[in-house]
Each structure stands twice: as structure tokens, then as C-alpha cells.
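Right, one structure below, let's go through it.
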Amino acid sequence: MTSNPSTSGDDWESSLTQAFGVLLDRPLSDFPPDADYAVYYSGNWLHETEVYRDPAWLAEAVLTGRETITSENLMLLDEVGYPELRFDASRSLFEIDPSGADFPAAFLTDLVAADRAAVDDLPYVLGADLARLTARHGVDLTSPELPAGVWCLAKARINSNGTLLDALRVATGIGDGPHSLVPCKPRDAETEAAIAAVEHAGLRAHLRAFCDSSSHDLRFFYDDIRDSRGEDDRVVAEWEGAVDQFEITVEQIGR
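Listed below in C-alpha cells is the structure:
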């Protein structure tokens, strides 16, 4: 039996690769194929919904990466058809403020050593590192005896397999095949021109919602990223949702 070109795995992957190359105005082959690519959900919305201090993120199975986590408050677009966002807490970034807490000195030393990107002098720690250090030193971050602001979720990593193709797939709300596409109605001429070269009609219709640089629903930072690309630039793509309420960022990390 001959497979359907529109649904076979190889053809679907090729269609995605071609479509995202058009979206980025740069073929995916230009990016290092062996790098780790992350998709982060961050911004004010984490705070306004209080997701950033939901203890569910600190559950042992979640923080170690054995289970993913979802939140009904976190989504790409408030429309029917997009897959539920699943987050990998083990690879998410947590901000730790140890001031006012009676932590063991060894825990604080290890915390600083695990810091991924200090912001306001507070450690940013991967969930997996946080799980390891709290277990090693017997620290319970959910203890009611600790100050409320000891920890918070700073950047939630949307679950993907670490490749650029998969990062872009989940960042644009595409599931595991053509059946998952959510068509968006035609927009202005500039938006249509940005994706006109996407060969797969379904992907072209879906990506209309992710290529608009002026949308109030999900603004694509296209020109800013294209103009600032350089050898040290890690941001591949970025969207701003609900007028500066949250950001979806695809980044090359770990290099």
C-alpha cells in the first residue's frame, strides 16, 4: 500500500522544515543541528495567574522530569484546536531568593554553583538541579515555615525533544500531524506575503496566527530577531501574547 504523502512521517517532517524556514526567513539547516533548543513560556501572566508559585511544580515526579505538568491558565491562543501545553519542570528555570530563610550553608553554596543566569543577584536554577539539591540537603521549599517568596517559576519550558524542528512545532501549537493544524483566516497583505512560500497549504493557514508582527493576540518578533542575528545570539524566534502579558521564546541553549 502506498502511503499518503500528506501524512507520512518523512513528508510531514519535510513540510515542517520548509515551512519554518519560510517563517524564520532562514533555512533550518543554518542552525547547529546538535544544539539543544528550548521553548520557554515566561512573562507577567505567570505572576497574574499565580502559576509561578503553584507548589505542583515542585512535586518530586514533576521536578525530576518523570512527569510533565499542564496548567489551564497557560496557552498559546485562546481558541479551540490547539494542543494542551505540556511543561517539563526539570528543564524549567526557577528563581530562588534565600534571604530570610534558614537554609543550610551547604545548600546555599551548591545553589550558587548551580546558577544558570543570575538576575538581580538571585540564582536561576534548573528544576532538575533544584530537585537534586533539595533532596541532598533535606530542604522542603513548600514548608509553611519558609517566606512566601523563597522560590518562583521564572521560565517554564514547554516539553519538546530538544531539536529545533520540534521546538518550533510546539511553539506554534502544532501537534503530531496534519490533523492537528488549526487554520487561521487570511489577514493583511503583509502577513500573507510573509508565509506565501510555505508549500503545505494547511501549514500556511495555521502559521498565519504566528507570523503577524502587529497582532495583539500573538505578536511575532520577526524583524527584531532577523536584524540582530549574530554568532552569540541564542534567540531563534519569539512571540509576545495578549499585549505583553507573556512571551514564547525559542532559544538555542547549552553552547
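Heads up: the sequence shown at position 78 corresponds to 73 in the working numbering, and the numbers run straight through without jumps.
All residues carry an ideal CB built from backbone N, CA and C; glycine is no exception.
{"Item": "Coil, strand or helix - G76 by DSSP", "Value": "coil"}
{"Item": "Three-way DSSP call (helix, strand, coil) for D239 in this model", "Value": "coil"}
{"Item": "L121 CB to nearest heavy atom of the ligand ZN below 7 Å", "Value": "Ligands in the displayed structure: none, and consequently the ligand ZN is not present."}
{"Item": "Check whether A149 and L88 have beta carbons under 8 Å apart", "Value": "yes"}
{"Item": "Spatial distance of S10 from H195 (CA atoms)", "Value": "6 Å"}
{"Item": "7 Å CB neighbourhood of A204 in its chain, flanking five on each side removed", "Value": "L72, C179, L213"}
{"Item": "Same chain, Cβ closer than 7 Å to R48, neighbours up to 5 away in sequence not counted", "Value": "C147"}
{"Item": "Assumed close pair E246, Y32 - CB separation to whole angstroms, cut-off 8 Å", "Value": "7 Å"}
{"Item": "Spatial distance of E235 from G38 (CA atoms)", "Value": "9 Å"}
{"Item": "Touching by the beta-carbon criterion (3+ pairs, under 8 Å), the stretch 51 to 66 and the stretch 120 to 128", "Value": "yes"}
{"Item": "Pairwise C-alpha distance: S138 and E226", "Value": "Low local confidence applies: a pLDDT of 48 at E226 is under 50, so the model's placement there is unreliable, with the coordinate-based value given in what follows. Using only the alpha carbons, I get a separation of about 44 Å."}
{"Item": "Which listed residue (D5, A14, V17, P27) has its alpha carbon closest to that of R229", "Value": "P27"}
{"Item": "Supposed close pair I153, V231 - CB separation, criterion 8 Å", "Value": "Their Cβ separation, rounded to whole angstroms, is 14 Å, which puts I153 and V231 out of contact at 8 Å."}
{"Item": "Contacting residues, own chain, Cβ-Cβ under 7 Å from G95 (five flanking each side not counted)", "Value": "P142"}
{"Item": "Coil, strand or helix - V193 by DSSP", "Value": "coil"}
{"Item": "First and last residue of the uninterrupted beta strand (DSSP E) at A100", "Value": "No beta strand (DSSP E) contains A100, which is instead part of the alpha helix (DSSP H) from 100 to 108."}
{"Item": "Rounded C-alpha distance that separates L198 from E74", "Value": "17 Å"}
{"Item": "Reference A101, options T244, T129, M70, closest by Cα", "Value": "T129"}
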